[in-house]
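Q: If you count by full-length UniProt numbering, then the sequence shown holds residues 1 to 346, one letter each, in order. For glycine and all other residues, C-beta sits at the position ideal for the given N, C-alpha and C.
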Amino acid sequence: MLFKTLLLGTLQLPFLPSHSRSPRQSNMDIHQRIVVDNSMGAALIGVVCASVLYGVSCVQTWYYFNHYRTDVWYIKSLVGAVWLFDTVHQILISHTVYHYVISNYDNPSNLGNLVWSILLEVLFNGFIGLLVQGFLTLRVWRLSNENIPLTVTIGALVLAEFACSAAFTVQSMKLHTWADLGNLKGLSISVNIVGVVVDVFIAGALFYFLSRSRTGFKKSDTMISRLILFTVSTGFLTSLCAIGSLVSILAWGQTLIYVAFYFSIGRLYSNSVLATLNARKSIRGLGEDGDELSFSLQSFAKSGSKELTSMRQTNISIKIDTMQEYPSPSRTPEDEPDSAVTDGSA
Numbered sequence: 001m002l003f004k005t006l007l008l009g010t011l012q013l014p015f016l017p018s019h020s021r022s023p024r025q026s027n028m029d030i031h032q033r034i035v036v037d038n039s040m041g042a043a044l045i046g047v048v049c050a051s052v053l054y055g056v057s058c059v060q061t062w063y064y065f066n067h068y069r070t071d072v073w074y075i076k077s078l079v080g081a082v083w084l085f086d087t088v089h090q091i092l093i094s095h096t097v098y099h100y101v102i103s104n105y106d107n108p109s110n111l112g113n114l115v116w117s118i119l120l121e122v123l124f125n126g127f128i129g130l131l132v133q134g135f136l137t138l139r140v141w142r143l144s145n146e147n148i149p150l151t152v153t154i155g156a157l158v159l160a161e162f163a164c165s166a167a168f169t170v171q172s173m174k175l176h177t178w179a180d181l182g183n184l185k186g187l188s189i190s191v192n193i194v195g196v197v198v199d200v201f202i203a204g205a206l207f208y209f210l211s212r213s214r215t216g217f218k219k220s221d222t223m224i225s226r227l228i229l230f231t232v233s234t235g236f237l238t239s240l241c242a243i244g245s246l247v248s249i250l251a252w253g254q255t256l257i258y259v260a261f262y263f264s265i266g267r268l269y270s271n272s273v274l275a276t277l278n279a280r281k282s283i284r285g286l287g288e289d290g291d292e293l294s295f296s297l298q299s300f301a302k303s304g305s306k307e308l309t310s311m312r313q314t315n316i317s318i319k320i321d322t323m324q325e326y327p328s329p330s331r332t333p334e335d336e337p338d339s340a341v342t343d344g345s346a
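(1) Per the contact definition of three or more C-beta pairs closer than 8 Å, is the stretch 56 to 68 in contact with the stretch 99 to 112?
(2) Would you mind sorting Y105 into buried or exposed? The rule is 16 or more other CB atoms within 10 Å of its CB.
(3) Let me know the alpha helix (DSSP H) ranges lying completely inside the UniProt domain "DUF6534" (196 to 282), each 4 residues or longer, listed in chain order.
(4) Which one of T177, W73, G126 has the shortest CA to CA distance from S109?
(5) Which residue marks the beginning of the alpha helix (DSSP H) containing H99, and which one marks its end?
(6) For F168, I'd like the list of residues in its chain whose CB is within less than 7 Å of its CB, leaving aside the five on either flank, ordered along the chain.
(7) So, under 8 Å CB-CB, G129 and G266 are touching, yes? Tell me the CB distance rounded to an integer number of Å.
(8) Whole angstroms is fine: what's the gap from Q90's alpha carbon to L268's?
(9) Determine the DSSP secondary structure at N113, reduced to helix, strand or coil.
(10) Please work out which residues of its chain come closer than 8 Å, Cβ to Cβ, to A275, disregarding the five sequence neighbours upstream and downstream, and give them in chain order.
(11) Work out the CA separation of S272 and R226 for me, nearest whole Å.
(12) Hey, out of F201, F127, G253, whose CA is closest to A166's CA?
(13) Looking only at its own chain, which residues have a Cβ that is under 8 Å from the Cβ of V132, when we skip the five neighbours before and after it?
(14) Do you know whose CA, among S144, E161, G112, L136, lies nearest L277's CA?
(15) Quick check: V158 and G134, are their CB atoms within less than 8 Å of each other?
(16) Give every residue of the same chain whose Cβ lies closer than 8 Å to the Cβ of L44, excluding the five residues on either side of it in the sequence, and list them in chain order.
(17) Among the candidates M173, K219, A50, whose CA atom is the shortest distance from the CA of V115?
Structure representation (structure tokens):
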């Protein structure tokens, strides 16, 4: 399977004098170089891309803890846990490439063997997905007026994706070579398929309920439109990355091209939730003085009749007038993680 031709000494051939190579050796060298390019080369590209995204997530984590110090403990715990798993995952994939490309540079016979870090990274990618998708599922539950069937369906899919990741890690730890890992191709495909389904499901649900939350007020509708943009864009990126990984497994299963996509999936999850949490102040800034539109998307989603919608619109109008006449309290709505932006965008 993967790296089978590397056992012939791929990394040693380039050091032979050119005049000593036979035509057969030259053809073999070209074929082996292709294997290195679309396997270790793809893994290296995946690590570089993941490293860039990890740097972005570190900056976003720092920004969050410096600008949203009054958030409730479970939001802070979520951000801290996501960053921690992100860090561990980055260490694991960096170790994988270092092991094959540096530590075993002159030992091509070892390239056919599995290294523990590339197997364990799947589990930590699963942890990141579980936290972020679980948090988004909670947003769907609140925006949908606590729609239990919908929430249970999405929650079950989230757990199924994590279960596939955990099962893959446990089963792969018993294997020793890349050829053996081919027996788990079904689990690998399942992780990516379920991941795409979950991302599309969550993005679609948030888009639907946020669209229903429009009030007719220009500023509030602008805020909701911004939330919808965040929701669709983040769901699109993670889904696209999972699709790229899935297609690569199906089309080029004998290579590591798929990891160029898979290594970055966890980073996209972490950056998406951090970006939406950190965007709360800027989105609220669309309203004058930041406090004028301190409404709850959850209450909008619960409205099922024109009468209730009209009542809420009246309440908002009164609140805007009051806010303009009297000073705002010391604790602003942008410090509340359960307010509109968090419910819709995170």
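A: Reading from the atomic positions:
(1) Verdict: no, contact absent.
(2) Exposed, because fewer than 16 other Cβ atoms sit within 10 Å of the Cβ of Y105.
(3) With a minimum length of 4 residues, the continuous alpha helix (DSSP H) runs that stay inside the UniProt domain "DUF6534" (196 to 282) are 218 to 251, 259 to 278.
(4) For the set T177, W73, G126, the Cα lying nearest the Cα of S109 is the one of T177.
(5) Here H99 belongs to no alpha helix (DSSP H), and DSSP marks it neither H nor E.
(6) Cβ within range, chain order: V122, L184, L187, S188, V191.
(7) Approximately 7 Å separates the beta-carbon atoms of G129 and G266; this is inside 8 Å, confirming the contact.
(8) Taking the straight line joining both Cα atoms gives about 13 Å.
(9) Correct three-state label for N113: strand.
(10) Non-local C-beta neighbours of A275 in its own chain, meaning closer than 8 Å and more than five positions away in sequence, comprise Q60, F230, T234, ordered along the chain.
(11) It is roughly 14 Å from the alpha-carbon of R226 to the alpha-carbon of S272.
(12) In this structure, F127 is the residue among F201, F127, G253 with its C-alpha nearest to the C-alpha of A166.
(13) When the five nearest sequence neighbours on each side are left out, the beta carbons in the same chain lying within less than 8 Å of the beta carbon of V132 are those of V82, Y269, S270, S272, V273, in order along the chain.
(14) Of the candidates S144, E161, G112, L136, the residue whose Cα lies closest to the Cα of L277 is L136.
(15) Yes, they are a contact pair.
(16) Cβ neighbours of L44 beyond the five flanking positions: V97, V101.
(17) Minimum Cα distance to V115 is reached at M173.
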